[in-house]
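First up is the structure itself, then whatever we jot down about it.
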Amino acid sequence: MISKEQIAEDYKLIQDEICAALEQLDGVARFEQELWEREGGGGGRTRVIQNGSIIEKGGVNFSAVHGHLPDTMKKALQVEQDDFFATGVSIVIHPNHPMVPIIHMNIRYFEMPSTMGGESKPVRWFGGGIDLTPHYVFEEDARFFHGGLKAVCDQYYADFYPRFKKWADDYFFIKHRQETRGIGGIFYDRLTANDELSWEQIFEFSKSVGRSFAPLYTELVNRNRDKEFTAQHQLFQYQRRSRYAEFNLVYDAGTKFGLETNGRIESILMSLPPTAKWLYDYHPQPGSDEEKTLSLLKKGINWA
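Take the sequence shown: its position 207, counting from 1, is numbered 207 in my numbering, and each next residue is one higher.
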């Protein structure tokens with residue numbers, strides 16, 4: 001098994017690659033970096049980009065933290081040990097253009113050492129995913145995005161895309177709204193080695209997911225960044241951002257993990273949009289693009 005130190009180093013490299021690609025894509029804004037240390041062990045590199053030509057607010061964060069899990073997280077993770085190591089890259093991009101989608105990506109690795117006496121194997125797994133939240137759903141873009149993710153998954157295991165696509169549909173679901181956060185993508189957790197996949201192959205898959213981000217998002221941004229939009233379009237963008245915020249504050253496992261393990265609050269809440277609006281009892285006009293988008297925020301759509 002490749003070491004946790006090597007996993008963290010490779011994740012840092014992916015953070016560097018993605019930041020460079022996003023700066024090139026925006027053409028104006030540059031990332032600001034803040035190095036931080038976690039009380040209890042480890043730290044990270046928070047990188048934020050703001051007020052660009054197309055990116056209103058974005059973050060590409062790396063962390064590698066260790067220490068002791070609180071009892072609430074031990075129960076949630078169904079583990080008995082409390083020593084842990086976790087590393088990953090987490091990304092959220094909020095564009096200023098309502099025709100350009102929000103995108104999220106996360107790749108992560110979690111490890112707990114053997115229990116006392118060394119008889120038990122270490123607990124370890126990979127998790128992550130990438131999903132798209134368009135303010136306006138364009139079906140051609142959705143097919144492109146899912147087709148790209150399927151191609152990444154198919155390199156490693158035929159079952160990955162259908163299984164992880166369904167997982168994303170179920171995970172990125174706003175129960176109190178009865179709608180998906182966006183058009184989904186892939187999501188996986190606690191992925192471990194087995195007779196068909198080695199730890200090295202799973203790690204390579206994790207890195208491939210991370211490296212799929214820049215080309216997929218670059219294409220989607222460039223398809224839509226020059227489209228005209230109205231104040232009504234932007235109002236609907238802010239309405240969709242409110243649903244994004246609701247999901248992240250109510251359901252997102254990464255947010256909960258960060259808060260429960262005394263993580264850095266600015267990095268944890270980096271995913272929230274800069275501006276959002278909650279319109280009371282909103283209903284789209286019949287036959288409108290807004291109504292079409294809401295009709296496509298459902299589980300089980302076969303985009304690929």
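Built from N, CA and C at the ideal position, the CB exists for glycine as well.
Query: Considering only residues of the same chain and omitting the five flanking positions on each side of ILE268, which have a CB-CB separation below 7 Å?; Result: THR255, GLY258, LEU259
Query: Do ILE93 and ILE107 have their C-beta atoms closer together than 8 Å?; Result: no
Query: Using the rule of at least 16 other Cβ atoms within 10 Å of the residue's Cβ for burial, across every protein chain shown, is LEU279 buried or exposed?; Result: exposed
Query: Is ALA168 closer than 8 Å to GLY147 when the C-beta atoms are compared?; Result: no
Query: Say whether the region 203 to 211 touches the region 165 to 179, bearing in mind that this needs 3 or more beta-carbon pairs closer than 8 Å, one atom from each stretch.; Result: no
Query: In the region 70 to 110, which residue ranges form an unbroken alpha helix (DSSP H) of at least 4 residues, counting only runs that do not cross its ends?; Result: 71 to 77
Query: With a CB to CB cut of under 6 Å and the five nearest residues on each side skipped, what residues in its chain are close to VAL32?; Result: It should be pointed out that residue 32 corresponds to Glu in this sequence rather than to Val. So the list reads VAL48, once near-sequence residues are dropped.
Query: Can you name, in chain order, every residue of its own chain whose Cβ lies under 6 Å from the Cβ of GLY58, other than the five neighbours on each side?; Result: ILE49, ILE93
Query: Would you call the region 229 to 240 and the region 275 to 292 in contact, with 3 or more CB pairs under 8 Å?; Result: yes
Query: Please go through the same chain and pick out, in chain order, the residues whose beta-carbon is closer than 7 Å to the beta-carbon of PHE152, but skip the five residues on each side of it.; Result: Checking the displayed sequence, the identity of residue 152 turns out to be Val instead of Phe. Closer than 7 Å at the Cβ level, and outside the excluded window around VAL152, lie SER208, VAL209, SER212.
Query: Given LEU297, which residues of its chain have a CB within under 6 Å of its CB, disregarding the five upstream and five downstream residues?; Result: GLU179, THR180
Query: Can you round the beta-carbon distance between LEU35 and VAL221 to whole angstroms, since I take them to be within the 8 Å contact cut?; Result: Not confirmed; about 28 Å, so no contact.
Query: Is it the case that the Cβ atoms of PHE203 and HIS97 are separated by a distance below 8 Å?; Result: no
Query: Quick one: residues in its chain with C-beta nearer than 8 Å to the C-beta of GLN6, no 5 flanking neighbours on either side, listed in chain order?; Result: none
Query: Who does THR255 pair with in a DSSP beta bridge?; Result: Beta-bridge pairing links THR255 to no other residue.
Query: From GLN201 to PRO284, what distance separates their C-alpha atoms?; Result: 46 Å
Query: Buried or exposed for GLY128, please, with buried defined as at least 16 other CB atoms from any protein chain shown within 10 angstroms of its CB.; Result: buried
Query: Nearest to TRP196 by CA position, among ASP10, PHE160, ASP83, is which residue?; Result: First, the amino acid is wrong: residue 196 is Glu here, not Trp. Residue PHE160 is the option with its Cα nearest to GLU196.
Query: Could you tell me the boundaries of the alpha helix (DSSP H) in which PHE31 lies?; Result: Careful: PHE31 lies outside any alpha helix (DSSP H) and carries neither H nor E.
Query: Could you tell me whether the Cβ atoms of ILE186 and ILE265 are closer together than 8 Å?; Result: no
Query: Go through its chain and collect everything with a Cβ distance to PHE144's Cβ below 6 Å, but skip five positions before and after it.; Result: none
Query: Between ILE2 and VAL89, which are expected to be in contact by the criterion C-beta below 8 Å, what is the C-beta distance as a whole number of angstroms?; Result: The Cβ separation is near 16 Å, so there is no contact.
Query: Report the option in VAL28, PHE164, VAL100 whose CA atom is closest to the CA atom of GLN237.; Result: VAL100
Query: Helix, strand or coil for MET116 per DSSP?; Result: Confidence is the limiting factor: at MET116 the pLDDT is only 44, short of 50, which leaves the residue's position unreliable and the question unanswerable from this model.
Query: Verify whether the separation of the beta carbon atoms of ARG241 and THR275 is less than 8 Å.; Result: yes
Query: Taking GLN277 as the reference, give the member of ASP252, ASN302, GLN239, PHE247 with the closest Cα.; Result: According to the sequence provided, residue 277 is Lys. The question's Gln does not apply to it. Closest by alpha carbon: GLN239.
Query: Helix, strand or coil for ARG38 per DSSP?; Result: coil
Query: Of all the options ARG38, THR87, ASN61, which has the alpha carbon lying nearest to the alpha carbon of SER271?; Result: ASN61
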